[in-house]
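A.B. asks: First the structure, which I've put down as structure tokens, then a few questions once you've had a look.
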């Protein structure tokens, strides 16, 4: 579960990125976070992943208080998250299988666990026939599927997708969104940060819209309401 | 630490050495160069110390016995002289023996016609424990009843001390400076490796790898490079020492100097090289990765 309670965030240069934001995302929800550039979306993601701490207010992520948590606990909090980026961030000299297995290996998973889990996740994202390919041998959509598989492989409670379709054509974008929806139906909470109005409108999901560091709408009808 | 993690650290560390082959080679070369210079100066210092020790043991004071004492009375002074602080031993030499020794140093005995041992005195050759205290011992011997006067080459003992101090100081300074240089270069070399792998490190942080888990492969990499560097430099130092000892010292007219055989210092040198190599590797790599672990 994610809970923002009256969160403020100011940067050292004086920028006030968030001005009293409150919202809750319950376990199992699928939520879009939308807003124009500079609205505070990236700051929210950074707060969720522990890259920055709130200036004021409380940020709870999967039972971890991000403002008061010890730095040594951060890795364990991050294991409850899966993060997907617009630019995929895959390791170029590793194969599809190795990229996904890497995420398990670095948190100390055994070889047996890796051999059991990775093929399952690659099949889930439809890449079970591409396991030996390197990222540059894949299309953009396929690379994003690898990134999703990597985010998913450690069985996180929450997947955060930051503009996951930003580099993809509409058909591939829809496929990625369908995949995220499928993951959500399997029980994982999904938060998608996006600009793409059509994509958001094609899914009937909750949309949190922010602008200038404030929430301007939070609706369950999947409507891209902040443009109204 | 679980076995598979340890295996992972080793595999990653070794793999990183090969995947960044040129940088690894550069690191080893730098460690070898620094250790060779450090080692060479240390060995020079050890040998200078040894030579000075040898010379010290040969350096002596001459205590001349009062003319009015009989030989028996003169011999009786031995215990008193040996009781003086810093005196290792005192060897009595009769005036006859001293005269004979003196005459033997000249080829033409006609120089000494009409002279005999009565022109010399009974004396003690006094050997010291520590040449640095020669002046103090000299003053104490002057005050021993029955000793007329004492001859000492204070300027030689001062010279020895000065040489020893300079060599020790220069060696220590060089070792310290080169250690810091090695550390800096090793750290920067591994920093380049970590820079190339910054995306990988970012992914590791993102998926929840602990700082320890991220750091260890780099530390293993540093340790292996340090160890290789120290073993290579030890072997080279050995060869260099043999060549220098044989060719430069023995073969160039310095045969009066003694050189410590390498086998006598090989274990301490190997341990020191190993410790410096491993230390530079571990500290250098830890410093290099530090900034990437703050997020």
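Residue numbers (my numbering), protein chains in the order written: chain R, 1 to 228; chain F, 1 to 295.
The C-beta atom is built at its ideal place from N, Cα and C for all residues, glycine as well.
1) Go ahead and label residue 162 of chain F buried or exposed: buried means 16 or more other beta carbons lie within 10 angstroms of its beta carbon, across all protein chains shown.
2) For residue 196 of chain F and chain R, any beta-carbon pair shorter than 8 Å?
3) Looking only at its chain, what residues have a beta carbon closer than 6 Å to the beta carbon of residue 69 of chain F, apart from the 5 residues adjacent to it on each side?
4) Who are residue 214 of chain R's beta bridge partners in DSSP?
5) Anything in chain R within Cβ reach of residue 131 of chain F, meaning under 8 Å, just list it in chain order.
6) Cβ of residue 91 of chain R less than 8 Å from any chain F Cβ?
7) How long is the line joining the alpha carbons of residue 18 of chain R and residue 87 of chain R, rounded to whole angstroms?
8) Can you give me the C-alpha to C-alpha distance between residue 234 of chain F and residue 266 of chain F, rounded to a whole angstrom?
9) Verify whether the separation of the beta carbon atoms of residue 82 of chain R and residue 171 of chain R is less than 8 Å.
10) Verify the CB distance criterion: does residue 208 of chain F have a CB-CB separation below 8 Å to chain R?
11) For residue 282 of chain F and residue 268 of chain F, I'd like the C-alpha separation in whole angstroms.
12) Alpha carbon to alpha carbon, how far is residue 3 of chain R from residue 210 of chain R? Give it in angstroms, no decimals.
13) Hey, out of F:39, F:160, F:71, whose CA is closest to residue 305 of chain F's CA?
14) Apart from the five residues on each side of it in sequence, which residues of its chain come closer than 7 Å, Cβ to Cβ, to residue 228 of chain R?
15) Below 9 Å between beta carbons is the criterion; list the residues of the stretch 224 to 248 of chain F that meet it against any residue of chain R, in chain order.
16) Would you mind telling me which residues of chain R sit closer than 8 Å to residue 300 of chain F, beta carbon to beta carbon, in chain order?
17) Please list, in chain order, all residues of the same chain as residue 12 of chain F whose beta carbon is under 6 Å from its beta carbon, the five residues on each side excluded.
18) If contact means a Cβ-Cβ distance below 7 Å, which residues of the stretch 57 to 81 of chain R contact chain F?
19) When you compare each of R:109, R:100, R:204 to residue 7 of chain F by their alpha carbons, which one comes out closest?
20) For residue 17 of chain F and residue 284 of chain F, what's the separation of their Cα atoms in angstroms?
21) Kindly confirm or deny that the stretch 201 to 211 of chain F and the stretch 222 to 229 of chain F touch, where touching means at least three C-beta pairs closer than 8 Å.
22) Where does residue 17 of chain R sit, in a helix, a strand or coil, going by DSSP?
23) Taking the alpha carbon of residue 154 of chain R as the reference point, which residue from F:232, F:141, F:204 has its own alpha carbon closest?
24) Given this structure, state the Cα-to-Cα distance separating residue 23 of chain F from residue 230 of chain F, to the nearest angstrom.
25) Does any residue of chain R have a CB that is nearer than 8 Å to the CB of residue 343 of chain F?
26) Excluding the five sequence neighbours on either side, which residues of its own chain have a C-beta within less than 7 Å of the C-beta of residue 80 of chain F, listed in chain order?
27) Counting only Cβ pairs nearer than 7 Å, list the residues of chain F close to residue 282 of chain R.
28) Out of curiosity, what's the CA-to-CA distance linking residue 297 of chain F and residue 240 of chain F?
29) In chain order, which continuous runs of the alpha helix (DSSP H) of length 4 or greater are located wholly inside the stretch 92 to 170 of chain R?
30) Is residue 185 of chain F closer than 8 Å to residue 288 of chain F when the C-beta atoms are compared?
31) Is the Cβ-Cβ distance between residue 174 of chain R and residue 192 of chain R less than 8 Å?
32) Which residues in the same chain have their Cβ closer than 6 Å to the Cβ of residue 78 of chain R, if we skip the five residues on either side of it in sequence?
33) Taking 7 Å as the cut-off, is the beta-carbon of residue 169 of chain R closer than that to any non-hydrogen atom of the ligand PLP?
34) Sort R:59, R:53, R:57 by Cα distance to residue 71 of chain R and report the nearest one.
C.D. replies: From the atom records:
1) One-based indexing of the second chain puts residue 162 of chain F at position 162. Under this definition residue 162 of chain F is an exposed residue.
2) Numbered from its first residue, the second chain carries residue 196 of chain F at position 196. No, residue 196 of chain F does not count as interfacial toward chain R.
3) If you number the second chain from 1, residue 69 of chain F lands on position 69. 146.
4) Locating residue 214 of chain R in the first chain gives position 214, where the first residue counts as 1. In the DSSP output, where bridge partners are listed per residue, residue 214 of chain R has R:211.
5) Within the second chain, residue 131 of chain F is the residue found at index 131, counting from 1. Here the premise fails: no neighbours, minimum Cβ distance about 58 Å.
6) For this step, residue 91 of chain R is matched to residue 91 along the first chain. Closer than 8 Å to some Cβ of chain F, the Cβ of residue 91 of chain R qualifies, so yes.
7) In the first chain, the residue the question calls residue 18 of chain R occupies position 18. In the first chain, the residue the question calls residue 87 of chain R occupies position 87. One C-alpha to the other measures close to 25 Å.
8) Translated into positions along the second chain, residue 234 of chain F becomes position 234. Translated into positions along the second chain, residue 266 of chain F becomes position 266. Distance between the alpha carbons of residue 234 of chain F and residue 266 of chain F: 9 Å.
9) For the purposes of this step, residue 82 of chain R is taken as the residue at position 82 of the first chain. For the purposes of this step, residue 171 of chain R is taken as the residue at position 171 of the first chain. Cβ distance not < 8 Å, so residue 82 of chain R and residue 171 of chain R don't count as in contact.
10) Taking the first residue of the second chain as position 1, residue 208 of chain F is located at position 208. Judged by the 8 Å Cβ criterion, residue 208 of chain F is in contact with chain R.
11) Here residue 282 of chain F refers to the residue found at position 282 of the second chain. Here residue 268 of chain F refers to the residue found at position 268 of the second chain. Rounded to whole angstroms, residue 282 of chain F to residue 268 of chain F spans 21 Å at the Cα level.
12) To locate residue 210 of chain R, count along the first chain from 1; it is residue 210. To locate residue 3 of chain R, count along the first chain from 1; it is residue 3. Each residue's alpha carbon lies about 16 Å from the other.
13) For residue 305 of chain F there is no data in the structure shown, the boundaries of chain F being 1 and 295.
14) For this step, residue 228 of chain R is matched to residue 228 along the first chain. Confidence is the limiting factor: at residue 228 of chain R the pLDDT is only 46, short of 50, which leaves the residue's position unreliable, though a coordinate-based value still follows. Taken in chain order, the list of residues that qualify is empty.
15) none
16) The first residue shown for chain F is 1 and the last is 295, placing residue 300 of chain F beyond what the model contains.
17) Within the second chain, the letter at position 12 stands for residue 12 of chain F. Closer than 6 Å at Cβ, skipping near neighbours: 217.
18) 75, 76, 78, 79
19) Numbered from its first residue, the second chain carries residue 7 of chain F at position 7. Nearest of R:109, R:100, R:204 to residue 7 of chain F, Cα basis: R:109.
20) Taking the first residue of the second chain as position 1, residue 17 of chain F is located at position 17. Taking the first residue of the second chain as position 1, residue 284 of chain F is located at position 284. Taking the straight line joining both Cα atoms gives about 15 Å.
21) no
22) Within the first chain, the letter at position 17 stands for residue 17 of chain R. Strand, per DSSP.
23) For this step, residue 154 of chain R is matched to residue 154 along the first chain. Of the listed residues, the one whose Cα sits closest to residue 154 of chain R is F:204.
24) What you label residue 23 of chain F is simply residue 23 of the second chain in a count that begins at 1. What you label residue 230 of chain F is simply residue 230 of the second chain in a count that begins at 1. In a straight line, the C-alpha of residue 23 of chain F is about 17 Å away from that of residue 230 of chain F.
25) Because chain F here runs from 1 to 295, residue 343 of chain F falls outside it and cannot be looked at.
26) By 1-based counting over the second chain, the position of residue 80 of chain F is 80. Result list for residue 80 of chain F: 144, in chain order.
27) Chain R is shown from 1 up to 228; residue 282 of chain R falls before or after that span and cannot be answered.
28) A question about residue 297 of chain F goes unanswered here, because the residues of chain F that appear run from 1 up to 295.
29) 96 to 105, 111 to 124, 140 to 152
30) The sequence position of residue 288 of chain F within the second chain is 288, counting from 1. The sequence position of residue 185 of chain F within the second chain is 185, counting from 1. No, Cβ-Cβ distance for residue 288 of chain F and residue 185 of chain F is not below 8 Å.
31) Here residue 174 of chain R refers to the residue found at position 174 when the first chain is read from its first residue. Here residue 192 of chain R refers to the residue found at position 192 when the first chain is read from its first residue. Result no, Cβ atoms of residue 174 of chain R and residue 192 of chain R do not sit closer than 8 Å.
32) Here residue 78 of chain R refers to the residue found at position 78 when the first chain is read from its first residue. Within the same chain, residue 78 of chain R has no close Cβ partners at all.
33) Absence of the ligand PLP from the depicted structure is noted, as is the absence of any ligand whatsoever, leaving it without description.
34) Along the first chain, one-based indexing puts residue 71 of chain R at 71. Ranking the options by Cα distance to residue 71 of chain R, first place goes to R:53.
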